[in-house]
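For the sequence shown, the positions run 1 to 460 when full-length UniProt numbering is used. Quick reminder that beta carbons are idealized off the backbone N, C-alpha and C, glycines included.
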Amino acid sequence: MVEKNKEYILDIISIGYEGEGIAKIEGYPIFIEGAILGEKVKVLIVKVKKNYAYGKLLEVIEPSSERVEPKCGIYKRCGGCTVQHMSYKKQLDYKFERVKDCITKIGGLSEELVKYPIGMDNPERYRNKVQLPVGMVKGKLNIGFYASRSHNIIDLDTCLIQDKVADRVTNLARQWMLKYNIQPASVDGVFSKKGLIRHIMIRKGFTTNEVMVVLVATKDKVPYINEFINEIVEKIDGIKSIVLNVNKENTNVILGQECITLWGEDTITDYIDHFKFNISPLSFFQVNPVQTEKLYSKALEYAGLTGEETVFDAYCGTGTITLFLSQKAKKVYGVEIIEPAIINARENARINNIENAEFFVGKSEEVIPELIEKGIVPEVIVVDPPRKGCDIKLLEAIGKAKPEKVVYVSCDPSTLARDLKILEEQGYKTEEVQPVDMFPMTSHIENVTLLIKEQSDEEK
1 MVEKNKEYIL DIISIGYEGE GIAKIEGYPI FIEGAILGEK VKVLIVKVKK NYAYGKLLEV
61 IEPSSERVEP KCGIYKRCGG CTVQHMSYKK QLDYKFERVK DCITKIGGLS EELVKYPIGM
121 DNPERYRNKV QLPVGMVKGK LNIGFYASRS HNIIDLDTCL IQDKVADRVT NLARQWMLKY
181 NIQPASVDGV FSKKGLIRHI MIRKGFTTNE VMVVLVATKD KVPYINEFIN EIVEKIDGIK
241 SIVLNVNKEN TNVILGQECI TLWGEDTITD YIDHFKFNIS PLSFFQVNPV QTEKLYSKAL
301 EYAGLTGEET VFDAYCGTGT ITLFLSQKAK KVYGVEIIEP AIINARENAR INNIENAEFF
361 VGKSEEVIPE LIEKGIVPEV IVVDPPRKGC DIKLLEAIGK AKPEKVVYVS CDPSTLARDL
421 KILEEQGYKT EEVQPVDMFP MTSHIENVTL LIKEQSDEEK
């Protein structure tokens, strides 16, 4: 029996879905953050459940050859880069195995369908957006990230996966708040109505170098705001937009719906491939532009368009994939439940002179069957759902629509595998799964998958 608060010497025999090492004692699994496959480690058991336990890594007795010293000084406390202790090659290996494991165990498919992940040449400083919580922690102003599985804010000076401009803005914001006694809206993890600043968001256009700074506050009036604006304008190269976002609610949702432009323009501009996008504080835009282009190019390759096809883009968001598809499709129909995203999608199509894309607000599982009933029959359907995967009604609608191809873009291998199994039951054959590492140093992995409609006996 595994005992809490007892130390054990264990061998790491596998890696969990979140990148944690897994050891076993008489078949009972122990999850250990920071441990790597093949290592021998000393562990303190900190939590015991009926079917598993959590251990704290005390010492690496026999290290893996793929272990590296994390460059980040707060790596062990911050809940962000959970696999930074692995070499980048090992990170890709781990993600490869994770996708294969999901595809086989959940999807019931062959691991040979999974290709090796497309990685980055430089897996640092790749993010174009950061949202940093602000709070008073034990009497000290902290601006940073939450610790793993908590709302404790870990203060930071630099983050190696964010653009360097984010570090400079964060430090200027900290100095401004301390100088003028601007109070945060969080005190020791508890929302305070007396406080003011909730988050600081920084966005940067990687191709344009345009910078947006957003203060998220509980009120629409902030004292000494002109002093903040002057500091940012004077010391941040490329600054184009400074915005106050108002969020008065006691909620985990970061941004409110009210945006007040304090200086400059309402948006910044960036490009994916040759497509131009205007990005507001509320816009969804992929955070890794280098890998986004690789991901979308793979999706376009899988679609195999000749210029004669009608394409549906489900969960289209602000239309980024839709625009890529429009290059080689006859007509693309984008569907998204969030109305502001569709407004952005239509604007993105306009500024890029795209005339063969049309967008609809609504649930994909409802809108797509309606389009089909009107006689609009797609040759290709592309889906890019949230982490929970596709609604079962949409998967059934795809089966009834019988497109020649389905291209599935996924941010979660588990729900992807589940949905592939359902689509296979709908008469589709999974041809290939290509992981794309959008989030180096973390456990997350994006995938794009090609499915082909199998011919029934009647169709042959």
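Closest in C-alpha terms to Leu-282, from the list Asp-266, Glu-293, Tyr-296, Val-290, comes Asp-266. For Glu-7, no alpha helix (DSSP H) segment is defined; the enclosing uninterrupted segment is the beta strand (DSSP E) at 7-11. Only exposed fits Gly-238, as fewer than 16 other CB atoms lie within 10 angstroms of its CB. Annotation: the region 310-359 contains the following complete segments of the beta strand (DSSP E) (minimum length 3 residues), in chain order: 310-314, 331-336.
Taking the Cα of Val-409 as reference, the smallest distance to any Cα among Leu-451, Gln-131, Lys-402, Ile-229 is reached at Leu-451. When secondary structure is reduced to three states using DSSP, Arg-418 falls in the helix class. Under DSSP, the beta-bridge partners assigned to Cys-78 are Ala-147. Judged by DSSP in its simplified three-state form, Ile-381 adopts strand. Taking 8 angstroms as the upper bound for CB-CB distance, Val-43 and Ile-25 are not in contact here, some 10 angstroms apart. The Cβ atoms of Thr-318 and Leu-109 do not sit closer than 8 angstroms to each other.
Less than 8 angstroms separates the beta-carbon of Pro-435 from that of Pro-117.
Ranked by Cα distance from Glu-97, the first of Asn-5, Gln-286, Asn-181, Leu-37 is Leu-37.
Sequence-distant partners of Val-233 (beyond 5 residues in either direction) whose C-beta falls short of 8 angstroms from its own C-beta, in its chain, are Ile-239, Ile-242, Trp-263. Annotation: the continuous alpha helix (DSSP H) that includes Glu-373 extends over 364-373. Cβ-Cβ distances below 6 angstroms link Ile-381 to Phe-312, Ile-398, Pro-403, Val-406 in the same chain, with the five nearest sequence neighbours on each side left out; the list follows chain order. With a minimum length of 4 residues, the unbroken runs of alpha helix (DSSP H) contained wholly in the region 191-266 fall at 225-235. Taking a C-beta distance under 8 angstroms as the contact criterion, Asp-188 and Val-137 qualify as a contact pair.
Residue environment analysis places Val-335 among the buried positions, since at least 16 neighbouring C-beta atoms fall within 10 angstroms of its C-beta. When only Cα atoms are considered, Gln-183 and Ile-202 end up about 20 angstroms apart. Of the residues assessed, Tyr-333 falls on the buried side of the cut-off, its CB having 16 or more other CB atoms within 10 angstroms. Under the three-pair Cβ rule at 8 angstroms, the region 162-175 counts as touching the region 127-134.
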